[in-house]
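In our numbering, the protein residues as written are 299 to 776.
Here a beta-carbon is modelled for each residue, glycine too, at the ideal position from N, C-alpha and C.
Please read these numbers as outputs of a predicted model, since none were measured by experiment.
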Amino acid sequence: MGLNIYNSLSRQKEEFVPIQEGRVSMYVCGPTVYDYPHIGHAKSYVSFDIVVRYLRYLGYNVRYVQNITDVGHLLDSGEDRILKRAEREKVEPMELVEKYTHAYFQAMDALNVMRPDISPHAAAHIPEQIEFVEKLLAKGYAYESKGSVYFDVDKWPNYGKLSGRKVEDQQAGARVDVLDEKKNPADFAIWKKAEPEHIMQWNSPWSRGYPGWHLECSAMSMKYLGESLDIHGGGMENQFPHHECEIAQSEALTGKSFVKYWMHNNMVMVDGVKMSKSLGNFTTVSDALSKFSGQQIRFFVMQSHYRSPVDFSDMAITAAGQGLERLVQTVNNLTSMIGQVVDGDASDEIKEIAAKYRKQFEADMNDDFNTPNAIGTLFDFSKEINKRVQEGTLETKQSLMVLNETFRDLSENVLGLSFEKEESDVEAAPFIDLLLEIRRELREKKEWQLSDLIRDEMQNRGVLIKDGKEKTSWSVKK
RNA sequence: GGCGGCGUGGCCAAGUGGCUAAGGCGGAGGUCUGCAAAAUCUCUAUUCAUCGGUUCGAAUCCGAUCGCCGCCUCCA
299 MGLNIYNSLS
309 RQKEEFVPIQ
319 EGRVSMYVCG
329 PTVYDYPHIG
339 HAKSYVSFDI
349 VVRYLRYLGY
359 NVRYVQNITD
369 VGHLLDSGED
379 RILKRAEREK
389 VEPMELVEKY
399 THAYFQAMDA
409 LNVMRPDISP
419 HAAAHIPEQI
429 EFVEKLLAKG
439 YAYESKGSVY
449 FDVDKWPNYG
459 KLSGRKVEDQ
469 QAGARVDVLD
479 EKKNPADFAI
489 WKKAEPEHIM
499 QWNSPWSRGY
509 PGWHLECSAM
519 SMKYLGESLD
529 IHGGGMENQF
539 PHHECEIAQS
549 EALTGKSFVK
559 YWMHNNMVMV
569 DGVKMSKSLG
579 NFTTVSDALS
589 KFSGQQIRFF
599 VMQSHYRSPV
609 DFSDMAITAA
619 GQGLERLVQT
629 VNNLTSMIGQ
639 VVDGDASDEI
649 KEIAAKYRKQ
659 FEADMNDDFN
669 TPNAIGTLFD
679 FSKEINKRVQ
689 EGTLETKQSL
699 MVLNETFRDL
709 SENVLGLSFE
719 KEESDVEAAP
729 FIDLLLEIRR
739 ELREKKEWQL
749 SDLIRDEMQN
759 RGVLIKDGKE
769 KTSWSVKK
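Structure, rendered in structure tokens:
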């Protein structure tokens with residue numbers, strides 16, 4: 299069975315067949331960089347990171363584009379998010395953008411999220427967006443009104459196909475005041491005339507102004523990925539209106555299908571309600587990183603499915619971290635044994651075991667990136683390995699290496715976990731070995747008090763001591 | 001008002017018609033150990049919000065009820 303992806307457009311799982319064989323074009327809505335990223339962003343971008351990693355694991359040549367929104371994203375009040383925040387922090391808008399773009403990438407790096415191949419900024423693509431508006435006007439799908447340009451929803455009968463909504467069912471002005479310059483309240487801005495106090499503005503044929511928020515994703519995805527893309531991802535809350543508007547303006551422009559597979563990830567909840575900037579109930583990634591490792595947060599996110607909401611709490615992350623430790627231990631167990639066994643071919647039985655778990659893992663992932671199941675498979679695999687390590691039935695170096703490579707390929711390359719030791723740990727290794735040698739002599743003399751003191755103090759410093767039958771080994775606890 | 005989703009053990013979480021309802025955390029006990037830790041083994045849901053229905057067979061499909069959540073032009 300090949301890869302199946304749940305397509306929001308058809309509301310069912312579909313077999314994944316890229317437009318062009320062997321290649322995948324993928325676009326994910328990136329953050330509006332006006333504040334620090336929070337755990338909600340972590341879930342979203344970790345989820346899509348896994349999509350990219352798995353597609354690459356399957357051998358696809360993936361081009362992954364994720365935008366940085368630095369203009370045009372308005373608040374209910376009509377103010378630009380970036381401008382408002384810049385005013386508050388008393389910095390230039392672009393200074394603010396720079397600061398939070400850095401913070402975003404820093405957080406994503408800590409979570410081991412791969413950088414997109416292209417991270418285009420909306421403000422750096424104003425000419426492309428103006429051209430987009432011009433073409434829509436020429437085709438009659440948009441109209442100018444008082445210096446702004448709106449997409450004419452009435453001209454586009456498919457409007458609502460993604461979100462399953464009908465324009466007439468919506469409560470106009472439910473949240474935002476209706477502008478009388480629009481023909482239909484559902485029409486959305488693709489170019490906005492700037493108020494004088496709005497600093498971020500550009501010349502256009504209609505007014506000095508700025509592009510509508512929905513436009514950037516269409517313009518930039520087309521520029522870098524072509525008129526039709528394989529996968530477009532984003533948060534569920536963006537399905538309507540953002541993605542609906544993207545489809546409308548893009549397909550109106552090209553007359554072609556814009557996106558083959560729409561993927562939407564669910565929200566992070568706190569005590570049953572959505573974690574969001576506006577509710578103020580968010581934990582930033584850097585706050586979380588002061589208590590937990592990036593890997594632990596990542597593991598927590600992957601333990602639920604990307605289309606399910608997940609409730610965030612310290613307890614839940616701690617529990618996830620405990621589970622993760624078992625996988626880390628498994629790799630430690632394997633690597634510490636490699637030096638102790640003889641050279642020789644891997645047994646067929648071991649090769650079969652490795653192949654069996656790899657196959658199961660792939661089956662899990664093929665089912666719409668079911669990471670909770672894939673992790674379950676890793677735990678089963680881990681148990682099987684630990685059992686054999688303990689029984690001492692892994693007799694050759696190559697047997698160990700087959701298991702080690704398979705286990706690490708799946709957990710590191712696909713799930714993005716990392717079992718590499720920190721550089722500082724490697725530097726400390728000779729000293730740790732020295733301490734253990736001293737402790738060994740103390741234990742031989744049965745000086746338990748002193749040997750236990752060494753063990754406890756090392757543990758307090760994050761080094762875990764394990765006394766085996768033959769020898770003592772250690773690992774770093776994160 | 002419209003559209004969509006969810007409710008599975010003490011906690012988290014897979015499973016969407018058919019072997020004994022994955023897995024993790026937590027808990028109990030055993031093995032190993034000088035004692036620990038780690039690992040490992042065993043146990044920890046006759047039952048899937050409730051009530052009906054369809055079916056040889058339902059956590060899974062249908063209907064109703066209760067509870068919760070998201071979106072309806074701000075948010076990943």
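Measure the C-alpha to C-alpha separation of P262 and E479 and round it to an integer number of angstroms. Any property of residue 262 remains undetermined from this structure, which presents the chain solely from 299 to 776.
Residue range of the beta strand (DSSP E) that P528 falls in? By 1-based counting over the first sequence, the position of residue 528 is 230. The displayed chain sequence assigns Asp, not Pro, to residue 528. Looking at the DSSP string, the run of the beta strand (DSSP E) that includes D528 is 527-533.
For G507, which beta-bridge partners are listed by DSSP? By 1-based counting over the first sequence, the position of residue 507 is 209. G507 is bridged to K491, W500.
Spatial neighbours of S342 within its chain, please: CB distance less than 6 Å, with the 5 preceding and 5 following residues excluded, ordered by chain position. Against the first sequence, residue 342 aligns to sequence position 44. Hits under 6 Å: G533, N563.
Could you have a look at L762 and say whether DSSP puts it in helix, strand or coil? Along the first sequence, one-based indexing puts residue 762 at 464. Three-state result, L762: strand.
Give me the residue from G338, W489, K481 with the minimum Cα distance to D452. Walking along the first sequence from the start, residue 452 turns up at place 154. It is K481.
At a cut-off of 6 Å, is Q310 close to the ligand SAH when judged by its beta-carbon and the heavy atoms of the ligand? This structure lacks the ligand SAH, and indeed carries no ligand of any kind.
Under DSSP, the alpha helix (DSSP H) around K657 begins and ends at which residues? Position 359 of the first sequence, counting from 1, holds the residue named residue 657. 646-664 is the extent of the alpha helix (DSSP H) around K657.
According to DSSP, which residues form a beta bridge with R321? As a position in the first sequence, residue 321 is number 23, starting the count at 1. According to DSSP, R321 bridges with N359.
Residues in the same chain with beta-carbon distance under 6 Å from T704, minus the five sequence neighbours each way, listed in chain order, please. As a working note, residue 704 is residue 406 in the first sequence. A652, R656.
When you compare only the Cα positions, how much space is there between W511 and E549? Numbered from 1 along the first sequence, position 213 holds the residue referred to as residue 511. Numbered from 1 along the first sequence, position 251 holds the residue referred to as residue 549. W511 and E549: Cα-Cα distance of roughly 17 Å.
In the DSSP assignment, find the beta strand (DSSP E) that holds F449 and state where it starts and stops. Along the first sequence, read from residue 1 onward, the residue named residue 449 stands at position 151. Taken as a continuous stretch (DSSP letters only), the beta strand (DSSP E) holding F449 covers 446-449.
Indicate whether Q499 and S417 have their beta-carbon atoms separated by less than 7 Å. Residue 499 sits at position 201 when you count from the first residue of the first sequence. Residue 417 sits at position 119 when you count from the first residue of the first sequence. Going by C-beta atoms, Q499 is not nearer than 7 Å to S417.
Just list the residues that DSSP pairs H336 with in beta bridges. Taking the first sequence and counting its residues from 1, one reaches residue 336 at position 38. H336 is bridged to T582.
Using a threshold of 7 Å, state whether the C-beta atoms of V349 and V322 are closer than that. Working through the first sequence from its first residue, we reach residue 349 at position 51. Working through the first sequence from its first residue, we reach residue 322 at position 24. Cβ atoms of V349 and V322: not closer than 7 Å.
Among Y355, D643, L381, which residue has its Cα nearest to the Cα of T367? By 1-based counting over the first sequence, the position of residue 367 is 69. That would be L381, whose Cα lies nearest to the Cα of T367.
Can you tell me which residues form a DSSP beta bridge with H419? In the first sequence, residue 419 corresponds to position 121, counting from 1. Under the DSSP definition of a beta bridge, H419 partners with I366.
Can you look up S443 in the DSSP assignment and give me helix, strand or coil? Within the first sequence, residue 443 is the residue found at index 145, counting from 1. Note: S443 maps to strand in three-state DSSP.
Which residue from A517, T616, L715 puts its Cα closest to that of M412? As a first step, residue 412 must be located in the first sequence, where it is residue number 114. Comparing Cα positions, the closest option is L715.
With a threshold of 16 other CB atoms inside 10 Å of the CB of S606, please say whether the residue is buried or exposed. As a position in the first sequence, residue 606 is number 308, starting the count at 1. Result: exposed.
H400 burial status per 10 Å Cβ neighbour count (16 or more: buried): By one-based count along the first sequence, residue 400 stands at place 102. H400 comes out exposed.
If you run the structure through DSSP and keep just helix, strand and coil, what is E313? Locating residue 313 in the first sequence gives position 15, where the first residue counts as 1. The answer is strand: DSSP assigns E313 an E or B state.
Taking all protein chains shown into account, do 16 or more other C-beta atoms lie within 10 angstroms of the C-beta of Q696, making it buried, or fewer, making it exposed? If you number the first sequence from 1, residue 696 lands on position 398. By the neighbour-count rule (16 or more Cβ atoms within 10 Å), Q696 is buried.
Could you tell me whether the stretch 505-524 touches the stretch 439-459, where touching means 3 or more Cβ pairs closer than 8 Å? yes
What distance in whole Å lies between the Cβ atoms of Y352 and M699, which are believed to be in contact at a cut-off of 8 Å? Mapped onto the first sequence, residue 699 falls at position 401. Mapped onto the first sequence, residue 352 falls at position 54. Incorrect: roughly 24 Å between the Cβ atoms, too far for contact.
Assign S345 to one of three DSSP states: helix, strand, or coil. Your numbering for residue 345 matches position 47 in the first sequence. S345: helix per DSSP, three-state reduction.
What does W560 pair with, by DSSP beta-bridge criteria? Taking the first residue of the first sequence as position 1, residue 560 is located at position 262. Looking at the DSSP assignment, W560 forms a beta bridge with H530.
Opposite T694 in the DSSP bridges: which residues? Reading the first sequence from its first residue, position 396 is the one you call residue 694. V640, per the DSSP bridge assignment.
Using 8 Å as the Cβ pair cut-off and three pairs as the minimum, do the stretch 664-678 and the stretch 726-738 touch? no
Could you have a look at V608 and say whether DSSP puts it in helix, strand or coil? The residue labelled residue 608 in the question sits at position 310 within the first sequence. In this structure, V608 counts as strand in the three-state DSSP scheme.
Can you look up W746 in the DSSP assignment and give me helix, strand or coil? Locating residue 746 in the first sequence gives position 448, where the first residue counts as 1. Residue state, collapsed to three classes: helix.
Indicate whether E542 and L460 have their beta-carbon atoms separated by less than 7 Å. Here the question's residue 542 lines up with position 244 in the first sequence. Here the question's residue 460 lines up with position 162 in the first sequence. For E542 and L460, yes; Cβs fall inside 7 Å.
Can you tell me which residues form a DSSP beta bridge with V568? The residue given as residue 568 occupies position 270 in the first sequence. For V568, which the question treats as bridged, DSSP gives the partners V571.
Taking just the CA atoms, how far does Q658 sit from W772? Translated into positions along the first sequence, residue 772 becomes position 474. Translated into positions along the first sequence, residue 658 becomes position 360. Taking the straight line from one Cα to the other gives about 31 Å.
Using 8 Å as the Cβ pair cut-off and three pairs as the minimum, do the stretch 686-694 and the stretch 730-749 touch? no
Would you say E544 and A420 are within 7 Å of each other, going by their C-beta atoms? On the first sequence, residue 544 is found 246 positions in, with the first residue counted as 1. On the first sequence, residue 420 is found 122 positions in, with the first residue counted as 1. Contact flag unset, no.
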